[in-house]
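Visitor:
In structure tokens:
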């Protein structure tokens, strides 16, 4: 990999030109300004209060990708590029469906040469490079994170994105507009529900007509499914999980709404158990009923692991945030935006660029 | 609804065993399957709801192959027992490696299980030449909830009048090693794959078995720490016990079923006894895949009287013209990056300071 020879502004331009929808220029500028205080903070001394400060980029970032979703790795690489670091990316291992590997590879190939030379892809884990890295960013289970942490030098920064879940919270379903229903369906079906920002359950406050909500959501899911340009694949393992989830729901007598043609795009059910249970994903979502005060108990198994709560039909006066805050939720957004956080989003509560840089202070010029 | 048979009565159960072990031409098989289906449909609410979900009722059913199959997972979440108020004689538990919660198979009595477990192995040819039996497994007395130990116990009673040895620890292995070294007649040594691995580890030197001996492994490794690929395990077993690989059998069964399928050698095809059938299905349609294609194993087991006769597994297999070739189990979960799965819920979140 070649050494860095561009400015932050140049890298922003290059990235935005290559991927204008994923990384719009204005948003990249806002991100750098918001995180580093000035868009040129990596390139020259910036006056800040009584001193001049300058951000220092890490030399090498080692990224260990999530196996299920390319977008989190793409964002991670983009952050590394913005700060001008060299990036070594350990791709997920080969699997039945290699879409993630392919997408990440295509993303890197689509970068302009000046940025591409800062990225190297690897199939297997390269201990030596990992040891040399200033920062290791990894996605995976807590056990994997703990193992990796133990292998790193004390002075290496480790940014661990452990497993997490997200939820939709609907307060007054009878007030949901068609747009909000469509937004809920978008959240469920985007990325085939595979990311930590994908809702794994829809929580509904009690005393509402579940049947009516289910009917409306089913309609929205079906419409959204047909709108998807690229339908997610359904290899044997995925078909098996979906069929199993549906059969379990039938056998337990749960109310279920299915696509009219029986396709495997989405499955909506009402699980009378309010306690959270992980979804088999791939468009399988359960409505669970819980009052706001009972949420803490019903979500106790995922305490500290809830990433995002998408909300719909919520009255501004309702104290719905409190129980989620006690559960450690780090992001709230409107339904429909769960999977599309702004670039400045604090993933797992961290500043995306701020975490990557260190600072130099020059007080002689003050 | 009146049924010709009441499976809670010992005489009816004996008659059912006789029917299963007797001649079973296609039409007779179909009759028995539909009869058992109707009985369980009326008595197991979860099964009835599953079937109604698929728009299948006894009145509408045209063929046994249309019977919906109960997902294995349901045995963890419901009491699938056709004799609601009766006390089961035995409750067999699955290993519970996936979610931590074991599945449970309730048997009113073990009579049918014993009859088909013994007769199934006999008809597969595993009992040929009446070998002496030994088991690398916990005894049925020590493991009353293990269907495998129960089956080995049935074999032990049927074939060696209870003289076979059960060994699963260092002391037991030492005695077993001593017995095997002195064996002069063919031996049938049966155990789980991980049990064999431990036994191999405990052997200081090869232990040639008398000519005509055979090994039977079952159960895979089920989440054990140490796993050995099947070809490697078979090669090691063949070398250590001086038996041809064709004398190494695999038994494919599960706690939720009463019948078993058998295969020889590493690439052997599995075959079921006449009273059980396996369909290799596409889970999305429930229809059998074409010969040469891969699908999931679905059992229809006429001996599984006390719960449900049809079971949908997550075991991958290739359908062949002469049986099915097991490929392996689907991974416990999908590949996940940052998304939390069921197995993660079993472990508390690490405090942020310890991972960041």
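Chains as they are written, first to last, in the working numbering: chain A, 1 to 366; chain B, 367 to 722.
Virtual Cβ for every residue (Gly too), placed ideally from N, Cα, C.
If you run the structure through DSSP and keep just helix, strand and coil, what is residue 320(A)?
Guide: coil
Visitor: DSSP three-state call for residue 369(B): helix, strand or coil?
Guide: coil
Visitor: Beta carbon of residue 528(B): closer than 7 Å to some heavy atom of the ligand NAP?
Guide: The model on display carries no ligand, and the ligand NAP is accordingly not part of it.
Visitor: Is it the case that the Cβ atoms of residue 213(A) and residue 287(A) are separated by a distance below 8 Å?
Guide: The Cβ-Cβ distance between residue 213(A) and residue 287(A) falls below 8 Å.
Visitor: Ordered along the chain, which non-local residues of its own chain (more than five positions away) have a Cβ less than 8 Å from that of residue 545(B)?
Guide: 500, 531
Visitor: Between the segment 42 to 57 of chain A and the segment 159 to 167 of chain A, do at least 3 Cβ pairs fall closer than 8 Å?
Guide: no
Visitor: Taking any Cβ of chain D, which residues in the segment 523 to 536 of chain B have a Cβ under 8 Å from it, in chain order?
Guide: Structure shown: chain D not included; protein chains present are A and B.
Visitor: Rounded to a whole number of angstroms, what is the C-alpha to C-alpha distance between residue 651(B) and residue 216(A)?
Guide: 26 Å
Visitor: With a CB to CB cut of under 6 Å and the five nearest residues on each side skipped, what residues in its chain are close to residue 718(B)?
Guide: Summary for residue 718(B): the model assigns pLDDT 27, below 50, so the residue's position carries little reliability; its value from the coordinates is reported in the next sentence. Correct list: empty, nothing qualifies.
Visitor: Counting only beta-carbon separations shorter than 8 Å, does residue 455(B) have a partner in chain A?
Guide: no
Visitor: Check each residue of the segment 226 to 254 of chain A: if its Cβ is closer than 9 Å to any Cβ of chain B, include it; give the result in chain order.
Guide: 234, 236, 237, 238, 239, 240, 241, 242, 243, 244, 245, 246, 247, 248, 249, 250, 251, 252, 253
Visitor: Do you know whose CA, among 670(B), 566(B), 621(B), 433(B), lies nearest residue 533(B)'s CA?
Guide: 566(B)
Visitor: So is residue 657(B) buried or exposed if we call it buried at 16+ other beta carbons inside 10 Å?
Guide: Exposed, since its Cβ has fewer than 16 Cβ neighbours within 10 Å.
Visitor: Examine chain A for any beta-carbon lying closer than 8 Å to the beta-carbon of residue 436(B), and answer yes or no.
Guide: yes
Visitor: Would you report the Cα separation of residue 355(A) and residue 336(A), rounded to the nearest angstrom?
Guide: 28 Å
Visitor: How is residue 282(A) classed by DSSP in three states: helix, strand or coil?
Guide: coil
Visitor: Tell me where the beta strand (DSSP E) around residue 558(B) begins and ends.
Guide: 553 to 558
Visitor: Which two residues bound the contiguous alpha helix (DSSP H) that contains residue 521(B)?
Guide: Note, residue 521(B): alpha helix (DSSP H), 513 to 526.
Visitor: To the nearest whole angstrom, what separates the beta carbons of residue 222(A) and residue 280(A), a pair I think is in contact under 8 Å?
Guide: In fact, because the Cβ distance is near 19 Å, the residues do not count as touching under 8 Å.
Visitor: For residue 701(B) and chain A, any beta-carbon pair shorter than 8 Å?
Guide: Residue confidence is low: residue 701(B) scores 45 on pLDDT, short of 50, so the model does not pin down where it sits. No coordinate-derived value is stated.
Visitor: Does chain A have any CB closer than 8 Å to the CB of residue 589(B)?
Guide: Any reading at residue 589(B) must be qualified, since the residue scores a pLDDT of 45, below 50, and its modelled position is unreliable; no value is offered.
Visitor: Can you check the segment 124 to 173 of chain A for any alpha helix (DSSP H) of at least 4 residues that lies completely inside it and give the ranges in chain order?
Guide: 127 to 132, 142 to 151
Visitor: According to DSSP, simplified to helix, strand and coil, what is residue 266(A)?
Guide: coil
Visitor: Leaving out five residues on either side along the sequence, give the residues of the same chain with a beta carbon under 7 Å from the beta carbon of residue 38(A).
Guide: 46
Visitor: For chain A, is any of its Cβ atoms less than 8 Å away from the one on residue 766(B)?
Guide: Nothing in the structure corresponds to residue 766(B), since chain B is present only between 367 and 722.
Visitor: Would you identify the three-state DSSP class for residue 739(B), choosing helix, strand or coil?
Guide: Residue 739(B) lies beyond the range of chain B shown here (367 to 722); nothing can be said about it.
Visitor: Could you tell me which of 679(B), 685(B), 496(B) sits nearest to residue 659(B), measuring between CA atoms?
Guide: It is 685(B) whose Cα lies nearest to the Cα of residue 659(B).
Visitor: Among 126(A), 146(A), 78(A), 327(A), which one has its Cα closest to the Cα of residue 19(A)?
Guide: 78(A)
Visitor: Looking at residue 422(B) and residue 432(B), is the spacing between their C-beta atoms short of 8 Å?
Guide: yes
Visitor: Note down, in chain order, every chain A residue with its Cβ under 8 Å from the Cβ of residue 753(B).
Guide: For chain B, the structure presents residues 367 to 722; residue 753(B) sits outside this window and is missing.
Visitor: Just the C-alpha distance for residue 447(B) and residue 679(B), rounded to the nearest angstrom, thanks.
Guide: 19 Å
Visitor: Which of helix, strand or coil does DSSP assign to residue 306(A)?
Guide: Residue 306(A) falls in the strand class under three-state DSSP.
Visitor: How is residue 643(B) classed by DSSP in three states: helix, strand or coil?
Guide: Three-state DSSP puts residue 643(B) in a strand.
Visitor: Does residue 692(B) come within less than 8 Å of chain A when only Cβ atoms are used?
Guide: no
Visitor: Which complete alpha helix (DSSP H) runs does the segment 568 to 628 of chain B hold, if anything under 4 residues is left out?
Guide: 596 to 607
Visitor: Smallest Cα separation from residue 190(A): which of 125(A), 68(A), 253(A), 88(A)?
Guide: 68(A)
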